[in-house]
Structure formats: structure tokens, C-alpha cells
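Step one of this worksheet: look at the structure below.
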């Protein structure tokens, strides 16, 4: 099968390069889950979860690879002699650990809370030139539910903005993985540099540790990262990571799956291409017909694709390579007449 992938990539290389180079210089605009519909309701659907897991793929070498751990030191590998039973138990445990490591970060609607003005006291204006922050430190409250208010220098008393709320929660109830102030790596210039270096997994891992899934900054960072991955067609860098399902969901939600579909067809995974189309169908309530995975993908290209030409070319190349593969397989399996004569003798 691998012998047929390279010709397909060569055949599509020119059209892919033209497509990517024309979009490289675009500035990315954050895309938030801020519509009327909460994506969490769809994300938690069992069928959606199964399709996202199927698209992610499971590569144990990649799942358990060494990662950038900052100041943490790596431990030495441990070698054991095992019976068959112990080996099966160890493999089952590794599979369970892999499922946990591939757990997709929650996808929820962005939290945009209006700051409520509680009081305006002009008499206090000029009394101080700094802000006073008052925090309810009752134990057991969620950070988003905790009462945190700010007295402004002009005398206005109002609810704290998200950045102040995050800092106060971290001051009184610190979490080891979070910093008091968001790392500068999430600022535009530094983020652009990391994305150009294809450090996608590192950026997304760090965003998951620093922000909550409904945080405006979290959705800004991940949406820009997903767009960069899509435009550079660097999907393989996130496959078999916890972020590939979230990337797939984002692209399907925004009706922008053509690059990913093209990438899947290039690697001759037509069943996986059908899964992506089925995910699109579930989210947007569009029915795609067909008795085979190939027919379902063809119907999507006909009804909903934005890049019909590139996808039709890829699908045609896939058909030709599959036909050639079947022909070669039949030739190998069918013995020649001379061989039959020798066998008879």
C-alpha cells in the first residue's frame, strides 16, 4: 500500500503547493465558539465522540514519545521479565493509559460575561491612584463562580474582568500547572514564531494548562493554531495526540474540512474520509448518500465541498491506484499456465 501513496502525493503536489502558498501570508482572525448553539451538546454526543476517536488514530510510539517537560527530568526506562498473563495485563494497562492521554479537551461555548457595575461613587475619585480588588476566598467555590469585585480609581465598583479573576484565583488557590500571568508565548509575535516552527502540540498543551476551555484567550490561541495547521496541511503533527479530535471538530464546525479530507484521501484511507464526512453530516444535518465509503465522499464533494477540483483529482487518482493495486494482487494470486503444467507433472 505504501508504494502507491508516493505517486498520489506527486500527482497532487502542484495543486497543493499553489493552494498553500497563496494563503501563507494571511493574518489569522480568532474564531470563537460564540454562536447561539453550544458546541458542547454536539461534542458530547456518543457518535461524534466515536468518529473523533477514529479520525485521531492510535499510534503508541507517538502517544508515549518523549515530550518537552520543561524543568522535569526524564526517568530511566524499567525492564521486566513477564509471563504471558503479565504481558497481556501490561498491554491492557498501556491501552488504558493511551486512551487517557488521547482524551480530547472539552469543547464549549466561550464565556463572555458583561462586567456589572455595582456602584458609582464620584466622591472617592482621586482618593487613590490604584485599583482595589476584593475576593471571596470561600473554599470549594469554582473559580468562575467566585465573587471578585474591583474598586476603580474613579470610584466605580464593578465585577472584575477575566484577567483579574484568573490572577486572584491563582493567588489564593494556586494550581501547579498555571502561571500567575499568561506566558508571553501566547502573545501574537511569539505565537507566530512558534507556529511557523510547527510547535503545534507544545502550544496546545500549554494552552490547556494555562486556560479554561471557555476562556476567551484559550479559544483565541487554539483557533489560530488550528487555522495554521489547516493552511500548512500539517495534520500529521497532531495525529495520535489529544488535540487532533478538537482540530477535526473545529474544522467541521466551521465547514472547512476540504484540506483535511484531501490529506486523508492522499494516504488512501477512504473509510476514514467517510468518517469525516459523517461527522460533517451529524453536525450540519446534511445527508450524504452512498452505499460505499467512496460514494459517500463523492456525494460530499458534489454537494458541499469548496475545493471540488482538488478533491475530484485526488479521488480519481485514488481510484486509479486502487484499480492498479487490485490488478497486481490478482496477478500475484493467479498462477501462470506454465506453473500449472509443472505442478501437473
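Numbering (my numbering), first residue to last: 296 to 640. In this text, a Cβ means the ideal position worked out from N, Cα and C, and glycines have one as well.
If I'm right that residue i touches residue j with Cβ under 8 Å, what's the distance once you round it to whole angstroms?
{"i": "residue 443", "j": "residue 428", "result": "7 Å"}
{"i": "residue 453", "j": "residue 410", "result": "5 Å"}
{"i": "residue 269", "j": "residue 337", "result": "Since the first residue of the chain shown is 296 and the last is 640, residue 269 is not available in this structure."}
{"i": "residue 481", "j": "residue 516", "result": "5 Å"}
{"i": "residue 404", "j": "residue 355", "result": "Incorrect: roughly 34 Å between the Cβ atoms, too far for contact."}
{"i": "residue 430", "j": "residue 441", "result": "7 Å"}
{"i": "residue 387", "j": "residue 353", "result": "Between residue 353 and residue 387 the Cβ distance is about 14 Å, and since that is not below 8 Å, they are no contact."}
{"i": "residue 606", "j": "residue 553", "result": "6 Å"}
{"i": "residue 598", "j": "residue 581", "result": "7 Å"}
With H, G and I counted as helix, E and B as strand and the rest as coil, what does DSSP make of residue i?
{"i": "residue 606", "result": "helix"}
{"i": "residue 316", "result": "With a pLDDT of 36 at residue 316, under the threshold of 50, the modelled position of that residue is not reliable, and no figure is offered here."}
{"i": "residue 321", "result": "Residue placement at residue 321 is flagged as unreliable, the pLDDT there being 45, under the threshold of 50; the coordinate-derived value follows with that caveat. Residue 321: coil per DSSP, three-state reduction."}
{"i": "residue 414", "result": "strand"}
{"i": "residue 361", "result": "coil"}
{"i": "residue 481", "result": "helix"}
{"i": "residue 446", "result": "strand"}
{"i": "residue 611", "result": "helix"}
{"i": "residue 427", "result": "strand"}
{"i": "residue 583", "result": "coil"}
{"i": "residue 530", "result": "helix"}
{"i": "residue 474", "result": "coil"}
{"i": "residue 440", "result": "coil"}
{"i": "residue 355", "result": "helix"}
{"i": "residue 535", "result": "coil"}
{"i": "residue 420", "result": "coil"}
{"i": "residue 521", "result": "helix"}
{"i": "residue 327", "result": "coil"}
{"i": "residue 435", "result": "coil"}
{"i": "residue 266", "result": "Residue coverage of the chain in this structure runs from 296 to 640, which leaves residue 266 outside it and unanswerable."}
{"i": "residue 399", "result": "coil"}
{"i": "residue 625", "result": "helix"}
{"i": "residue 545", "result": "helix"}
{"i": "residue 640", "result": "Low confidence applies to residue 640: its pLDDT is 43, below 50, so where it sits in the model is not reliable enough to give any reading."}
{"i": "residue 619", "result": "helix"}
Which stretch, first to last residue, makes up the alpha helix (DSSP H) that contains residue i?
{"i": "residue 384", "result": "379-396"}
{"i": "residue 351", "result": "341-351"}
{"i": "residue 574", "result": "565-579"}
{"i": "residue 451", "result": "Careful: residue 451 lies outside any alpha helix (DSSP H), inside the beta strand (DSSP E) at 451-454."}
{"i": "residue 467", "result": "457-467"}
{"i": "residue 597", "result": "588-598"}
{"i": "residue 405", "result": "Note, residue 405: premise wrong, no alpha helix (DSSP H); not H, not E."}
{"i": "residue 338", "result": "334-338"}
{"i": "residue 500", "result": "495-505"}
Closest to residue i by CA distance: which of the options is it?
{"i": "residue 593", "options": "419, 387 and 557", "result": "557"}
{"i": "residue 406", "options": "510, 588 and 536", "result": "510"}
{"i": "residue 389", "options": "374, 433, 359 and 375", "result": "359"}
{"i": "residue 472", "options": "433, 504 and 415", "result": "504"}
{"i": "residue 603", "options": "551, 437 and 586", "result": "551"}
{"i": "residue 495", "options": "334, 595, 570 and 541", "result": "541"}
{"i": "residue 487", "options": "464, 361 and 521", "result": "521"}
{"i": "residue 586", "options": "609, 330 and 566", "result": "566"}
{"i": "residue 434", "options": "464, 561 and 380", "result": "464"}
{"i": "residue 340", "options": "402, 357, 601 and 462", "result": "402"}
{"i": "residue 643", "options": "580, 589, 582 and 555", "result": "Since the displayed the chain opens at 296 and closes at 640, residue 643 lies outside it and no answer follows."}
{"i": "residue 342", "options": "598, 624, 601 and 572", "result": "572"}
{"i": "residue 560", "options": "350, 458, 333 and 598", "result": "350"}
{"i": "residue 475", "options": "462, 596, 484 and 483", "result": "462"}
{"i": "residue 425", "options": "448, 418 and 416", "result": "448"}
{"i": "residue 436", "options": "455, 423, 468 and 446", "result": "468"}
{"i": "residue 408", "options": "535, 420, 627 and 456", "result": "456"}
{"i": "residue 422", "options": "413, 438, 539 and 446", "result": "446"}
{"i": "residue 333", "options": "600, 543, 508 and 601", "result": "508"}
Leaving out five residues before and five after residue i in sequence, what residues of the same chain have Cβ atoms less than 7 Å from its Cβ?
{"i": "residue 537", "result": "396, 397, 398, 399 and 400"}
{"i": "residue 547", "result": "574, 575 and 578"}
{"i": "residue 385", "result": "377"}
{"i": "residue 321", "result": "Low confidence applies here, because residue 321 scores a pLDDT of 45, under 50, leaving its location unreliable and the question unanswered by this model."}
Taking 7 Å as the cut-off, is the CB of residue i close to at least one heavy atom of the ligand ZN?
{"i": "residue 502", "result": "Inclusion of the ligand ZN in the displayed structure is not the case, the ligand content being empty and no account of it being possible."}
Using beta carbons (cut-off 8 Å, strictly below), is residue i in contact with chain D?
{"i": "residue 546", "result": "The structure shown contains no chain D, having only a single protein chain."}
For residue i, I'd like the list of residues in its chain whose CB is within less than 6 Å of its CB, leaving aside the five on either flank, ordered along the chain.
{"i": "residue 512", "result": "506"}
{"i": "residue 636", "result": "Reliability of the predicted coordinates at residue 636 is poor, the pLDDT of 49 falling under 50, and no value is obtained from them."}
Among residues of its own chain, excluding the 5 on either side of residue i, which ones have a beta-carbon nearer than 8 Å to its beta-carbon?
{"i": "residue 271", "result": "No answer is possible for residue 271: it lies beyond the span of the chain, which begins at 296 and ends at 640."}
{"i": "residue 335", "result": "401, 402, 403 and 404"}
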